[in-house]
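*Asks:*
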Amino acid sequence: MRIRKITLREIHLRLLAPFETSFGKSELRRILLLDADVDGIPGWGESTAGETPFYSYETVETAWLILRDYLWPIVRGREIASAADVWEMLAPVRGHNMAKAALETAVWDAEARRKNVPLAKLLGGTREEIPCGVSIGIQPSIAVLTAKVEEALAAGYQRIKIKIKPGYDEEPVRALRERFPRVRLMVDANSAYRLEDAPLKRLDAFHLMMIEQPLGWDDIYSHARLQRQLETPICLDECIHDVEHARAAIETGACRIINIKLGRVGGHMPARQIHDLCRAKSVPVWCGGMLESGIGRAHNIAMSSLENFSLPGDVAASARYWAEDIIQPEVEVTRQGTIRIPTAPGIGYEPRVDRIESLTQRREVLE
Ligand code: OSB
Ligand code: MG
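Counting from 1, one number per residue, gives the positions in the sequence shown under my numbering.
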């Protein structure tokens, strides 16, 4: 197959509520969408690059530039045997995984549509539904936080993750543990701590499922030192950009769980490599979220159908984020806190092209 054309689009989507982490607050999402024309068949992808370079060095601007000036020229006019080959083709560009993922995942969608199979099946997924959790941002008070947790549990979500930062850690965790003694609870620090910070060790008292990415975004070594001092498993997010990072983290004991994000690792192929390595090492994985629109969310759901995605991920219902999503149907979560893998071809949800057009702030067509 050949990619005849790609369209880059920036859409703006306002979150229902601001999402606050240790690195900042997000309200209006700027989202880079990519749609590819693969021999006349459309494929859709989303770059999860943020508005700011505070989670990773990539932003909407860098992803756009790398796609236009470096990734598109690599694939333009080339015969591609399978979406599985795109990742290797893009390897000459170092890093910029979120830009790569937008393109790579779009080709997977197109290939699945062409073969008339759900993307989950094409990827080798075995699950019919996936377990879901929620990620709850930093809240103005413990009372508000508790109410948000209550609401998510009432909706059926299987685990609760809260964001923490220095000064907002032990207290909210203690409050939630007292109120919900048996709930599956975890925290995500987004690299806000240093190895010597005492609050991390104090979190061992609360039987958390895991502590996600407490230390430096590129510092596997310090996580290995920290994990030796903690009972609670460490889960790495920011540190894992490819399968060799995952290997280094597992072999040095820097984590016992890995969060896989399509954007951070560069697409479905590298995600599957990490998934397979983790399975071989008996390390469970789960799918992280980046406040995606329905397109990125649909790709997350397809990826999460792989066997070793055994822990509830951060992939939640569209209605937790948006007044109206850009896919049809929207992503819904069952009373049991699961999402059923769609059975329609490709990502399994239809992009609402008219709505996407009306949200588009800028566009560039590359032929
Ligand atoms: O670290 O998992 C993270 C959102 C933006 C950037 C980083 C992270 C997150 C989340 C949100 O936790 C997960 C979601 O999409 O609900
Ligand atoms: Mg995280």
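Ideal Cβ placement from N, Cα and C applies to all residues, glycine included. All values derive from a computational prediction rather than experimental measurement.
Shortest alpha-carbon distance to K25 belongs to which of N116, R202, I138, A91?
*Replies:* By one-based count along the sequence shown, residue 25 stands at place 25. Closest option to K25, Cα to Cα, is I138.
*Asks:* Residues in its own chain within less than 6 angstroms of F206 by CB, not counting five upstream and five downstream?
*Replies:* Taking the first residue of the sequence shown as 1, we reach residue 206 at position 206. Excluding residues within five positions, the ones whose Cβ falls inside 6 angstroms are V173, R177.
*Asks:* Please state the DSSP three-state secondary structure of R182.
*Replies:* To locate residue 182, count along the sequence shown from 1; it is residue 182. Coil at R182, not helix or strand.
*Asks:* Taking 8 angstroms as the cut-off, is the CB of N97 close to at least one heavy atom of ligand 2?
*Replies:* Stepping through the sequence shown from its first residue, residue 97 is reached at position 97. Incorrect: N97 has no Cβ contact closer than 8 angstroms to ligand 2.
*Asks:* Is it buried or exposed, P181, if we count other Cβ atoms within 10 angstroms and call 16 or more buried?
*Replies:* For this step, residue 181 is matched to residue 181 along the sequence shown. Result: exposed.
*Asks:* Any idea which residues DSSP pairs L26 with across the strands?
*Replies:* Within the sequence shown, the letter at position 26 stands for residue 26. In the sequence under discussion, the amino acid at residue 26 is Ser, which differs from the Leu named in the question. Bridge partners of S26: F19.
*Asks:* When DSSP builds the beta bridges, which residues end up paired with S135?
*Replies:* Taking the first residue of the sequence shown as 1, we reach residue 135 at position 135. K161, per the DSSP bridge assignment.
*Asks:* For E372 and R320, I'd like the C-alpha separation in whole angstroms.
*Replies:* Outside the displayed range of the chain (1 to 367) lies residue 372, so it cannot be described from this structure.
*Asks:* Starting from P199, follow the alpha helix (DSSP H) in both directions and report where the run begins and ends.
*Replies:* Translated into the one-based positions of the sequence shown, residue 199 becomes position 199. Run containing P199: 199-202, per the alpha helix (DSSP H) assignment.
*Asks:* With a cut-off of 8 angstroms on the beta carbons, I'd call G263 and A120 a contact; round off their distance for me.
*Replies:* Position 263 of the sequence shown, counted from the first residue, corresponds to residue 263. Position 120 of the sequence shown, counted from the first residue, corresponds to residue 120. Not really, about 18 angstroms apart at Cβ, beyond 8 angstroms.
*Asks:* Just curious, the beta strand (DSSP E) that N259 is in, first and last residue?
*Replies:* Numbered from 1 along the sequence shown, position 259 holds the residue referred to as residue 259. Start and end: 257-260.
*Asks:* Does N190 pass the burial test, meaning 16 or more other C-beta atoms within 10 Å, or should it be called exposed?
*Replies:* As a position in the sequence shown, residue 190 is number 190, starting the count at 1. Label assigned to N190: buried.
*Asks:* Pull up the distance between the alpha-carbon of A106 and that of I347, whole angstroms please.
*Replies:* Counted from its first residue, the sequence shown places residue 106 at position 106. Counted from its first residue, the sequence shown places residue 347 at position 347. Taking the straight line from one Cα to the other gives about 9 angstroms.
*Asks:* What does the alpha-carbon distance come out to for the pair V283 and W44?
*Replies:* As a working mapping, residue 283 is identified with position 283 in the sequence shown. As a working mapping, residue 44 is identified with position 44 in the sequence shown. Their Cα atoms are separated by approximately 30 angstroms.
*Asks:* Exposed or buried, what is R363 when buried is set at 16 or more other beta-carbons lying within 10 Å of its beta-carbon?
*Replies:* As a first step, residue 363 must be located in the sequence shown, where it is residue number 363. Result: exposed.
*Asks:* Distance check for Q229 and D197, CA to CA, integer angstroms please.
*Replies:* By one-based count along the sequence shown, residue 197 stands at place 197. By one-based count along the sequence shown, residue 229 stands at place 229. Near 12 angstroms, if we compare the C-alpha coordinates of Q229 and D197.
*Asks:* Check whether the Cβ of D188 sits closer than 8 angstroms to any heavy atom of ligand 2, and report yes or no.
*Replies:* In the sequence shown, counting from the first residue as 1, residue 188 sits at position 188. Yes.
*Asks:* Quick one: any contact between the stretch 80-92 and the stretch 267-286, if contact means 3 or more CB pairs under 8 angstroms?
*Replies:* Touching, yes, given that three or more Cβ pairs across the two stretches are closer than 8 angstroms.
*Asks:* Thinking C-alpha only, which one of L291, M303, E170, G313 is nearest P18?
*Replies:* Here residue 18 corresponds to residue number 18 of the sequence shown, with the count starting at 1. Of the candidates L291, M303, E170, G313, the one whose C-alpha sits nearest the C-alpha of P18 is L291.
*Asks:* Does DSSP classify I295 as helix, strand or coil?
*Replies:* For this step, residue 295 is matched to residue 295 along the sequence shown. Of the three classes helix, strand and coil, the one that applies to I295 here is helix, per DSSP.
*Asks:* Less than 8 angstroms between C-beta atoms, sequence neighbours within five positions excluded: which residues of the same chain meet that for K281?
*Replies:* Looking up residue 281 in the sequence shown gives position 281. Around K281: I250.
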